[in-house]
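Participant: To get this note's numbering, take the position in the sequence shown, counting from 1, and add 21.
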Amino acid sequence: MPQTTVPKTRSTTARPRSISAAVDNAFFVFGGVAAVWLAWIAFTESFGWGWFLILFFIAFWLLLAYLVLPRLHRILTSIYVPDYFIGRARTSDGLLGDPINLAAIGTEAQLDEAMAKAGWTRADAITLGSSGRIIASTLLRRSYDEAPVSPLFLFGHQQDIAYQQEVLGNPSKRHHVRFWRCPDGWLLPGGHRADWMAAGTFDRAVGFSLFTLQVTHKIDANTDIERDHVVSTLVDAGIGVDVKVIHDFSTGYHSRNGGGDSIETDGDLPVLDVSAVAVDSNALAVADQAAARRSALADRRPAPTTLGFLLMLWRVVAALLFITLTVLDWRRFVQSQLADPSVGPLDPQTRHTVELVLGIVMVVWAIGVVVYLVLAVLVFRGSNWARIASMSFSSLLVIAAAIDFFNGGPQVSLRNNLLGLPLDILVVLALSSQRSRLWARRLHPSRRERREAAEALPAASSSTAPADDTTLR
Numbered sequence: 022m023p024q025t026t027v028p029k030t031r032s033t034t035a036r037p038r039s040i041s042a043a044v045d046n047a048f049f050v051f052g053g054v055a056a057v058w059l060a061w062i063a064f065t066e067s068f069g070w071g072w073f074l075i076l077f078f079i080a081f082w083l084l085l086a087y088l089v090l091p092r093l094h095r096i097l098t099s100i101y102v103p104d105y106f107i108g109r110a111r112t113s114d115g116l117l118g119d120p121i122n123l124a125a126i127g128t129e130a131q132l133d134e135a136m137a138k139a140g141w142t143r144a145d146a147i148t149l150g151s152s153g154r155i156i157a158s159t160l161l162r163r164s165y166d167e168a169p170v171s172p173l174f175l176f177g178h179q180q181d182i183a184y185q186q187e188v189l190g191n192p193s194k195r196h197h198v199r200f201w202r203c204p205d206g207w208l209l210p211g212g213h214r215a216d217w218m219a220a221g222t223f224d225r226a227v228g229f230s231l232f233t234l235q236v237t238h239k240i241d242a243n244t245d246i247e248r249d250h251v252v253s254t255l256v257d258a259g260i261g262v263d264v265k266v267i268h269d270f271s272t273g274y275h276s277r278n279g280g281g282d283s284i285e286t287d288g289d290l291p292v293l294d295v296s297a298v299a300v301d302s303n304a305l306a307v308a309d310q311a312a313a314r315r316s317a318l319a320d321r322r323p324a325p326t327t328l329g330f331l332l333m334l335w336r337v338v339a340a341l342l343f344i345t346l347t348v349l350d351w352r353r354f355v356q357s358q359l360a361d362p363s364v365g366p367l368d369p370q371t372r373h374t375v376e377l378v379l380g381i382v383m384v385v386w387a388i389g390v391v392v393y394l395v396l397a398v399l400v401f402r403g404s405n406w407a408r409i410a411s412m413s414f415s416s417l418l419v420i421a422a423a424i425d426f427f428n429g430g431p432q433v434s435l436r437n438n439l440l441g442l443p444l445d446i447l448v449v450l451a452l453s454s455q456r457s458r459l460w461a462r463r464l465h466p467s468r469r470e471r472r473e474a475a476e477a478l479p480a481a482s483s484s485t486a487p488a489d490d491t492t493l494r
């Protein structure tokens with residue numbers, strides 16, 4: 022039987038393009054362009070608010086740092102940054118992150134046992150609670166040994182495990198190392214085997230990212246020092262960890278990571294063999310529980326989807342409030358619509374007809390609000406078609422506002438349109454995010470994706486070739 026060979030260079034996300042993917046990409050780009058416009062509106066309008074200028078400047082920075090620049094980076098890096106293994110992790114914005122400077126052989130339980138005995142603490146997963154706690158600990162200078170680390174991506178998914186050592190109880194300074202499980206059958210360049218790849222760096226302070234202006238940890242430039250620190254702690258622990266170094270694994274280089282920090286390395290890659298580390302049943306149980314938590318977090322509703330739902334719900338509440346107040350004061354509303362000095366008094370029949378038309382418009386509007394509420398609930402439950410329908414509706418409103426504005430229409434202002442244009446742009450940004458669309462498509466795969474999965478099952482069971490590295494763990 023001819024032996025099946027594995028391609029030397031493979032994309033971690035490559036798959037045949039579908040109509041659904043093309044639509045998602047279009048919304049992703051449109052959301053980025055719309056976010057630029059929203060940030061520009063906030064910036065230009067801030068000059069007319071007097072002392073409120075500071076608040077609007079903060080709003081502009083938040084839009085720029087956490088919406089506009091990350092989305093633009095994601096669009097551009099998807100074009101020019103390779104998504105296969107090149108010895109660098111990637112940030113969630115697609116930028117090249119920290120250098121991969123360690124490898125490991127062994128099970129998760131053995132790795133966890135070795136790191137714990139070497140004085141390392143397993144970092145918490147990123148949740149709303151842990152995020153709030155690390156912000157508070159950083160501002161108040163309180164110790165947080167299990168503080169989460171920001172997500173970096175390798176093999177198409179974020180780190181499986183992270184460990185750290187806080188320095189003098191200061192959460193802004195810490196040793197930390199991220200580990201990614203290698204895909205089944207995957208080999209390092211040169212044919213070397215590894216179960217884990219890792220990136221060890223030292224957080225020296227908290228500052229602003231050079232590329233996104235976000236608040237983030239700044240790392241020490243000499244990543245080799247942190248790499249050697251990780252190795253020495255494991256070797257000095259005397260627990261049977263063996264180390265082999267692949268010299269000149271990559272060319273020695275200096276560059277910048279995703280936060281804009283300078284990095285330099287000599288290109289050597291130590292391989293930590295923890296397969297001889299003894300583990301007991303408690304350690305195995307801890308590793309199994311950690312794997313179960315990772316699986317649960319992967320299936321959990323992502324924050325962008327929840328945000329999109331809340332934004333849609335906010336618009337529904339505002340619309341229902343307006344409709345209720347209008348109906349309660351219907352006569353005054355009709356009078357306001359007829360108050361045109363250029364038009365003389367209307368006869369009762371015409372007035373009755375106008376009032377009927379306004380009533381029909383109000384009923385249609387109320388039905389539209391109910392439909393929008395149903396879409397919001399379906400989006401919250403993970404419906405992919407509802408997500409696309411909601412983005413389509415919001416995009417049409419944004420386009421209509423843009424056409425009116427750029428054709429000499431009234432100035433778009435956040436003062437009188439806070440529940441309109443900004444909400445629509447934010448809905449598109451939230452629901453077009455990669456996390457939101459992957460979660461919706463995982464819960465409700467398209468017909469093509471279901472067919473591809475069904476075709477892959479027989480091939481996977483009969484093939485002896487290594488699994489493709491697109492598998493998410």
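Glycine included, every Cβ here is placed at the ideal spot set by N, Cα and C.
(1) Taking the runs of the beta strand (DSSP E) that are 3 residues or longer, which of them lie wholly in the segment 157-220?
(2) Can you look up N278 in the DSSP assignment and give me helix, strand or coil?
(3) For L268, does the three-state DSSP call read helix, strand or coil?
(4) If you follow the alpha helix (DSSP H) that T244 is part of, which residue opens it and which one closes it?
(5) Please name the residue in K194, G280 and I240 whose C-alpha comes closest to that of L231.
(6) Thinking C-alpha only, which one of L293, H197 and G273 is nearest M218?
(7) To which residues of the same chain is N278 closer than 6 Å at the C-beta, ignoring the five residues directly before and after it?
(8) Report the residue from A451, F330, Q186 and S151 whose alpha carbon sits nearest the alpha carbon of R195.
(9) So for R451, helix, strand or coil by DSSP?
(10) If you draw a straight line from the alpha carbon of T65 to that of I79, how long is it in whole angstroms?
(11) What is the residue span of the beta strand (DSSP E) that G380 lies within?
(12) For the segment 259-275 against the segment 141-160, are there 3 or more C-beta pairs whose distance is under 8 Å?
(13) Among the residues of its own chain, which have a CB less than 6 Å from the CB of D241, if the five just before and after it don't count?
(14) Between the alpha carbons of S415 and F81, how many angstroms are there, rounded?
(15) Helix, strand or coil, according to DSSP, for I126 in the structure here?
(16) Determine, using beta carbons only, whether L332 and L173 come nearer to each other than 7 Å.
(17) Distance, Cα to Cα, S152 vs V170?
(18) Cα separation between L418 and V54?
(19) Taking F343 as the reference, which of V390, V298 and D301 has the closest Cα?
(20) Grab me the residues of A387's own chain with a C-beta within less than 7 Å of its C-beta, minus the 5 sequence neighbours each way, in chain order.
(21) Going by DSSP in three states, T233 sits in which element: helix, strand or coil?
(22) Please determine if the segment 200-215 and the segment 253-263 are in contact, where contact requires at least 3 C-beta pairs separated by less than 8 Å.
(23) Return yes when the Cβ of W201 is within less than 7 Å of the Cβ of D181, no when it is not.
(24) Let's test the definition: count the other Cβ atoms within 10 Å of the Cβ of G190 and tell me whether it reaches 16, buried, or not, exposed.
(25) Report the partner residues of R111 according to the DSSP bridge assignment.
(26) Taking its Cβ as the centre, do 16 or more other Cβ atoms sit within 10 Å of R162, making it buried, or is it exposed?
(27) Where does R225 sit, in a helix, a strand or coil, going by DSSP?
(28) Along the alpha helix (DSSP H) that carries I96, what are the first and last residues, could you check?
(29) Classify H197: buried if its beta carbon has 16 or more other beta carbons within 10 angstroms, exposed otherwise.
(30) Kindly list the residues whose CB is nearer than 6 Å to the CB of P91, restricted to its own chain and excluding five residues on each side of it in sequence; keep chain order.
(31) Taking the DSSP output, what are the residues bridged to P291?
(32) When you compare only the Cα positions, how much space is there between I107 and R95?
(33) Specify the secondary structure class of I240 as computed by DSSP and reduced to three states.
(34) Considering I20, what are the terminal residues of the beta strand (DSSP E) in which it resides?
(35) Are the Cβ atoms of N122 and R248 separated by less than 7 Å?
(36) Do you know offhand how far R111's Cα is from A312's?
Facilitator: Put simply:
(1) 173-175, 182-188 and 191-202
(2) Residue 278 sits at position 257 when you count from the first residue of the sequence shown. Coil.
(3) Residue 268 sits at position 247 when you count from the first residue of the sequence shown. The question names Leu, yet the displayed sequence has His at residue 268. Of the three classes helix, strand and coil, the one that applies to H268 here is coil, per DSSP.
(4) Numbered from its first residue, the sequence shown carries residue 244 at position 223. T244 to D257 is the extent of the alpha helix (DSSP H) around T244.
(5) In the sequence shown, residue 231 corresponds to position 210, counting from 1. Of the listed residues, the one whose Cα sits closest to L231 is G280.
(6) Residue numbering aside, residue 218 sits at position 197 when the sequence shown is read from its first letter. The shortest C-alpha separation from M218 is found at L293.
(7) Position 257 of the sequence shown, counting from 1, holds the residue named residue 278. G118, D119 and I284, listed in sequence order.
(8) Position 174 of the sequence shown, counted from the first residue, corresponds to residue 195. Considering only alpha carbons, the answer is Q186.
(9) As a working note, residue 451 is residue 430 in the sequence shown. Per the sequence presented here, residue 451 reads as Ala, with Arg not at that position. Reduced to three states, the DSSP call for A451 is helix.
(10) Locating residue 65 in the sequence shown gives position 44, where the first residue counts as 1. Locating residue 79 in the sequence shown gives position 58, where the first residue counts as 1. Roughly 13 Å separates the two Cα atoms.
(11) By 1-based counting over the sequence shown, the position of residue 380 is 359. Unbroken run through G380 is the alpha helix (DSSP H), P369 to R402; no beta strand (DSSP E).
(12) no
(13) Mapped onto the sequence shown, residue 241 falls at position 220. Excluding sequence neighbours, D241 sits near F223 and R225.
(14) Taking the first residue of the sequence shown as 1, we reach residue 415 at position 394. Taking the first residue of the sequence shown as 1, we reach residue 81 at position 60. Cα-Cα distance, rounded: 21 Å.
(15) For this step, residue 126 is matched to residue 105 along the sequence shown. Strand at I126.
(16) If you number the sequence shown from 1, residue 332 lands on position 311. If you number the sequence shown from 1, residue 173 lands on position 152. Not a contact, by the Cβ cut-off of 7 Å.
(17) As a working mapping, residue 152 is identified with position 131 in the sequence shown. As a working mapping, residue 170 is identified with position 149 in the sequence shown. C-alpha separation (whole angstroms): 10 Å.
(18) To locate residue 418, count along the sequence shown from 1; it is residue 397. To locate residue 54, count along the sequence shown from 1; it is residue 33. Rounded to the nearest angstrom, the two C-alpha atoms are 14 Å apart.
(19) What you label residue 343 is simply residue 322 of the sequence shown in a count that begins at 1. When only C-alpha atoms are compared, the closest one is V390.
(20) Against the sequence shown, residue 387 aligns to sequence position 366. Excluding positions up to five away in sequence, the list reads I344.
(21) As a working note, residue 233 is residue 212 in the sequence shown. Coil, per DSSP.
(22) no
(23) On the sequence shown, residue 181 is found 160 positions in, with the first residue counted as 1. On the sequence shown, residue 201 is found 180 positions in, with the first residue counted as 1. A contact, by the Cβ cut-off of 7 Å.
(24) Here residue 190 refers to the residue found at position 169 when the sequence shown is read from its first residue. By the 10 Å Cβ count, G190 comes out exposed.
(25) Here the question's residue 111 lines up with position 90 in the sequence shown. L117 and F174, per the DSSP bridge assignment.
(26) Within the sequence shown, the letter at position 141 stands for residue 162. R162 comes out exposed.
(27) In the sequence shown, counting from the first residue as 1, residue 225 sits at position 204. Of the three classes helix, strand and coil, the one that applies to R225 here is strand, per DSSP.
(28) Translated into the one-based positions of the sequence shown, residue 96 becomes position 75. Unbroken alpha helix (DSSP H) run through I96: L90 to Y101.
(29) Sequence index remark: in the sequence shown, residue 197 carries index 176 (1-based). So H197 counts as buried.
(30) Walking along the sequence shown from the start, residue 91 turns up at place 70. The answer, listed in chain order, is D114 and T233.
(31) Here residue 291 refers to the residue found at position 270 of the sequence shown. In the DSSP output, where bridge partners are listed per residue, P291 has V266.
(32) If you number the sequence shown from 1, residue 107 lands on position 86. If you number the sequence shown from 1, residue 95 lands on position 74. Their Cα atoms are separated by approximately 18 Å.
(33) Taking the sequence shown and counting its residues from 1, the one referred to as residue 240 is at position 219. Three-state DSSP puts I240 in a strand.
(34) Residue 20 cannot be examined here, being either before or after the span of the chain that is shown, 22 to 494.
(35) Within the sequence shown, residue 122 is the residue found at index 101, counting from 1. Within the sequence shown, residue 248 is the residue found at index 227, counting from 1. Their beta carbons are under 7 Å apart, which means N122 touches R248 by this criterion.
(36) Your numbering for residue 111 matches position 90 in the sequence shown. Your numbering for residue 312 matches position 291 in the sequence shown. Cα-Cα distance, rounded: 22 Å.
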